[in-house]
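So that you can map any letter, position 385 of the sequence shown is 385 in full-length UniProt numbering, and since no number is skipped, the others follow by simple counting.
Note that beta-carbon positions come from the ideal geometry of N, C-alpha and C, so glycine has one too.
Reading through the structure tokens given below for one structure.
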Amino acid sequence: FRTRVAISFLQRIRLVFSALCWNSRPLFLFLSSLLSLTDARSPVRTANMLVWFTALAGLAALLFLLLQTLSPYFGDECAYILRSIKLGIRLTKYKKAKPFYSILDCFLDAVKRRPGKIFLHFEGRDYSYEQVDKQSNKVARALQAEAQLKEGDTVALFLSNEPYVVWIWLGLAKLGCPAALLNFNIRSKSLLHCFSCCGAKVIIVSPELQDAVEEVLPTLREQGISVFILSESCSIQGIDSLSNKISQASDQPLSRDLRANVNIRSTALYIYTSGTTGLPKAAVVTHERVWAASFIQAACGITAEDIFYINLPLYHSAGFLIGLSGAIERGMTVILKRKFSASQFWDDCRKHNVTVMQYIGETMRYLCNTAKVIEIQSSLWFQYKASVCTHLLLIRAVLAPLQKDNDKTHKVRVAIGNGIRTDVWSEFLSRFGDIKVRELYAATEGNIGFINYTSKIGAVGRVNFVHRFFFPYTLIKFDIEKEEPVRNAEGLCIEAARGETGLLVGKITRRSPFVGYAGNQQQTEKKRLRDVLKKGDLYFNTGDLLRFDHENFVYFQDRVGDTFRWKGENVATSEVADILTTAPCILEANVYGVKVEGHEGRIGMAAVTLKEGQDFDCEATYKQVTSYLPVYARPRFIRIQPCLEMTGTFKMKKVRLVEEGFNPAHVKDPLFFLDSEKKTYVPLTEEIYRAIISLEIKL
Numbered sequence: 001f002r003t004r005v006a007i008s009f010l011q012r013i014r015l016v017f018s019a020l021c022w023n024s025r026p027l028f029l030f031l032s033s034l035l036s037l038t039d040a041r042s043p044v045r046t047a048n049m050l051v052w053f054t055a056l057a058g059l060a061a062l063l064f065l066l067l068q069t070l071s072p073y074f075g076d077e078c079a080y081i082l083r084s085i086k087l088g089i090r091l092t093k094y095k096k097a098k099p100f101y102s103i104l105d106c107f108l109d110a111v112k113r114r115p116g117k118i119f120l121h122f123e124g125r126d127y128s129y130e131q132v133d134k135q136s137n138k139v140a141r142a143l144q145a146e147a148q149l150k151e152g153d154t155v156a157l158f159l160s161n162e163p164y165v166v167w168i169w170l171g172l173a174k175l176g177c178p179a180a181l182l183n184f185n186i187r188s189k190s191l192l193h194c195f196s197c198c199g200a201k202v203i204i205v206s207p208e209l210q211d212a213v214e215e216v217l218p219t220l221r222e223q224g225i226s227v228f229i230l231s232e233s234c235s236i237q238g239i240d241s242l243s244n245k246i247s248q249a250s251d252q253p254l255s256r257d258l259r260a261n262v263n264i265r266s267t268a269l270y271i272y273t274s275g276t277t278g279l280p281k282a283a284v285v286t287h288e289r290v291w292a293a294s295f296i297q298a299a300c301g302i303t304a305e306d307i308f309y310i311n312l313p314l315y316h317s318a319g320f321l322i323g324l325s326g327a328i329e330r331g332m333t334v335i336l337k338r339k340f341s342a343s344q345f346w347d348d349c350r351k352h353n354v355t356v357m358q359y360i361g362e363t364m365r366y367l368c369n370t371a372k373v374i375e376i377q378s379s380l381w382f383q384y385k386a387s388v389c390t391h392l393l394l395i396r397a398v399l400a401p402l403q404k405d406n407d408k409t410h411k412v413r414v415a416i417g418n419g420i421r422t423d424v425w426s427e428f429l430s431r432f433g434d435i436k437v438r439e440l441y442a443a444t445e446g447n448i449g450f451i452n453y454t455s456k457i458g459a460v461g462r463v464n465f466v467h468r469f470f471f472p473y474t475l476i477k478f479d480i481e482k483e484e485p486v487r488n489a490e491g492l493c494i495e496a497a498r499g500e501t502g503l504l505v506g507k508i509t510r511r512s513p514f515v516g517y518a519g520n521q522q523q524t525e526k527k528r529l530r531d532v533l534k535k536g537d538l539y540f541n542t543g544d545l546l547r548f549d550h551e552n553f554v555y556f557q558d559r560v561g562d563t564f565r566w567k568g569e570n571v572a573t574s575e576v577a578d579i580l581t582t583a584p585c586i587l588e589a590n591v592y593g594v595k596v597e598g599h600e601g602r603i604g605m606a607a608v609t610l611k612e613g614q615d616f617d618c619e620a621t622y623k624q625v626t627s628y629l630p631v632y633a634r635p636r637f638i639r640i641q642p643c644l645e646m647t648g649t650f651k652m653k654k655v656r657l658v659e660e661g662f663n664p665a666h667v668k669d670p671l672f673f674l675d676s677e678k679k680t681y682v683p684l685t686e687e688i689y690r691a692i693i694s695l696e697i698k699l
């Protein structure tokens, strides 16, 4: 009798708990496990045990409900911490495994488990896990034969979003070769720099990017670089076709011995990030970092049954590591787009039953700015189409009640990304439904990151003790004018108070390393901050200002130093300044980012001085920036000054320039605007300014 009562009570607790707390799965499973402890051979023993367990379970449920009431985020916190601990145990297991278990091995296991499952959908074609595996085998064998690749050789990929990126990357991984993911927007000097700093001897190019490679081909040939293009044939001397070689290669599996020396600390990828150097830096991404980034989906509660939509560039860590690698870790299906399209986004999601989407702040704003989609009964439309002019009012009256807003008609349940503004976040949820937005904060090369695993709008993450124990970090006071941390009399940094904005720094340890940048020891050292909280300690300087509030939420405030972010890309101000000063009329340039109402990030602006006796040459300057800078890095506003203001240490002052912006009513210096349609810089009038602010002119 006592056994039946105890079991009945446990069942009721479980039902009540699951009804009250949607995120109670850990305790729900615990209670379920208690119900399985009944032993028919020893009813008295079972009854006593269940009575004790019932009491404990009841107290646990009551305690959980009390904590959930006092802290609305307690359930989310518990679920996230449990997932994080589980993932941490897995990573530790992979580190110790002999031979090393990489994300490639995870993919090969998925091939064995579900060979016919769709891994990749691209432009109307489906590719199963088995098909992708065989195609990557063909790529590996073709490159082995044509480029004589061996373990450790780096190959640069200059490709747009397409299945070949996946096949080549997996093929290279089977050979034990790292891949360098080049930004397909870069040209000329930047392209050569990115290629050379990773030490690659082979570059693989998409046909649509052939012109960009031809521009630097003489230099590549001088350096003995092998250039392959993904086409059946090529008549350009120095560029060899690869597609025909791949199609003829065998798809049989390759020996694991080809990558026998690859381990958790080996370089898996080079992903390029911009910074204070002026030119992009090649962040070294180890296999450990690939695993850590691929776990983000799991930490957000994504499963193998989800369908993931990638429309971000695969040369970015977001698209490649979080999106593609994360999908392999989960064993799920990926819908890959060549590029983001706001007009096609939700149609794609409905068509392919997408459940998880990726974003950056700019793409979310584009989605919110699209015209609302209205479903109209076509039969009624055609009935009145012939007499639109005479029956316009009647048409409106008839169709009005039949209009159906389908913005919320989709299966997307989670959005993972970074950089969304608070107002856009609220509008997105209001318009497109109850989607769990998982806002991130991280850097490709960094050793610290956050995930907002709650539904708190505006936060980029949350402080919890488990995260801070394994990945130590702090906020320190930062002098914006001097662009350096504030230190006390002992030479140590001062921690920022709760609610105060400070510079985020992450302690460099074996568990949270900072590997640095390939071929750039100077810039690697610049990101290391010493003597932070005690003499001799070592931290990674994120270069970002954040704030922790009294509820432990983390808020991004601003970037510091010589970078700003526009169109989802980091822009190095010194690189832009170097290009500007090569224009015939410009003597000096001070480049910075300014905010534009209604846009994410900061757009490029430059204060310049002119050479003696020279006027500002609008056409020559336009030609210079468009020839050598990608679209997102081009300064859209130019401010002509008699001289540039300097600090006592001869650094260019930017703070006041940033605050003054580009409003011609407030700035007395001559201002110019980069007009893409006229293909020149034009004087920035108040009329143009109003058109920019009202979003009539697209930036």
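Taking only three categories from DSSP, how would you classify residue i?
i	result
Met332	coil
Val216	helix
Val111	helix
residue 715	What is shown of the chain runs 1 to 699, which leaves residue 715 out entirely.
Pro325	The question names Pro, yet the displayed sequence has Ser at residue 325. The answer is helix: DSSP assigns Ser325 an H, G or I state.
Arg511	coil
Val132	helix
Arg639	strand
Leu393	Below a pLDDT of 50, predicted positions are generally treated as unreliable, and Leu393, at 42, falls in that range; the measurement from the model is reported next regardless. Helix at Leu393.
Asp257	helix
Suppose you measure from the CA of residue i to the CA of residue j; what does that come to, to the nearest Å?
i	j	result
Ser100	Tyr94	Note on residue identity: the sequence assigns Phe, not Ser, to residue 100. The alpha-carbon atoms of Phe100 and Tyr94 are separated by roughly 7 Å.
Arg330	Arg259	23 Å
Glu288	Asn447	12 Å
Gln131	Val165	14 Å
Ala212	Asn161	17 Å
Lys117	Ala304	11 Å
Tyr315	Asp479	34 Å
Phe470	Ala298	18 Å
Glu375	Tyr309	Since pLDDT at Glu375 reaches only 43, below the 50 mark, its modelled position is unreliable, and the value read off the structure follows with that caveat. Each residue's alpha carbon lies about 24 Å from the other.
Ile451	Ile296	8 Å
Ile280	Ala572	According to the sequence provided, residue 280 is Pro. The question's Ile does not apply to it. Rounded to the nearest angstrom, the two C-alpha atoms are 8 Å apart.
Lys408	Ile335	20 Å
Ser426	Ile360	15 Å
Ala268	Ala179	7 Å
Glu687	Tyr517	45 Å
Leu172	Gly224	20 Å
Ala249	Ser231	15 Å
Trp381	Ser325	With a pLDDT of 35 at Trp381, under the threshold of 50, the predicted position of this residue should be treated as unreliable, though the coordinate-derived value follows. One C-alpha to the other measures close to 47 Å.
Phe637	Cys585	16 Å
Arg547	Val560	14 Å
Ala515	Glu481	Position check: residue 515 holds Val in this sequence, whereas Ala was assumed. Straight-line Cα distance between these residues: approximately 29 Å.
Are the CB atoms of residue i and residue j nearer to each other than 9 Å?
i	j	result
Phe345	Ile271	no
Pro472	Gly506	yes
Ala459	Gly449	no
Glu439	Lys567	no
Leu629	Glu575	yes
Val356	Ala318	no
Leu175	Ile204	no
Tyr127	Pro72	no
Phe428	Cys349	no
Asp669	Ile640	yes
For the beta strand (DSSP E) containing residue i, list its first residue and its last residue.
i	result
Leu538	Leu538 to Phe548
Phe673	Leu671 to Asp675
Asp558	Phe553 to Arg559
Thr563	Thr563 to Trp566
Ala607	Ile603 to Leu610
Ser247	No beta strand (DSSP E) contains Ser247, which is instead part of the alpha helix (DSSP H) from Ser243 to Gln248.
Lys507	Gly502 to Lys507
Val594	Ile586 to Val594
Ala179	Ala179 to Leu181
To the nearest whole angstrom, what separates the beta carbons of residue i and residue j, a pair I think is in contact under 8 Å?
i	j	result
Ser188	Glu214	With a Cβ gap of about 11 Å, Ser188 and Glu214 do not count as contacting.
Phe556	Asp537	That belief does not hold up - the Cβ atoms of Phe556 and Asp537 are roughly 25 Å apart, past 8 Å.
Val466	Ile85	7 Å
From what residue to what residue does the alpha helix (DSSP H) around residue i run?
i	result
Glu686	Glu686 to Ile693
Give a single yes or no on whether residue i has its beta carbon closer than 8 Å to a heavy atom of the ligand NAP.
i	result
Asp306	Absent from the structure shown: the ligand NAP. Ligands present: none.
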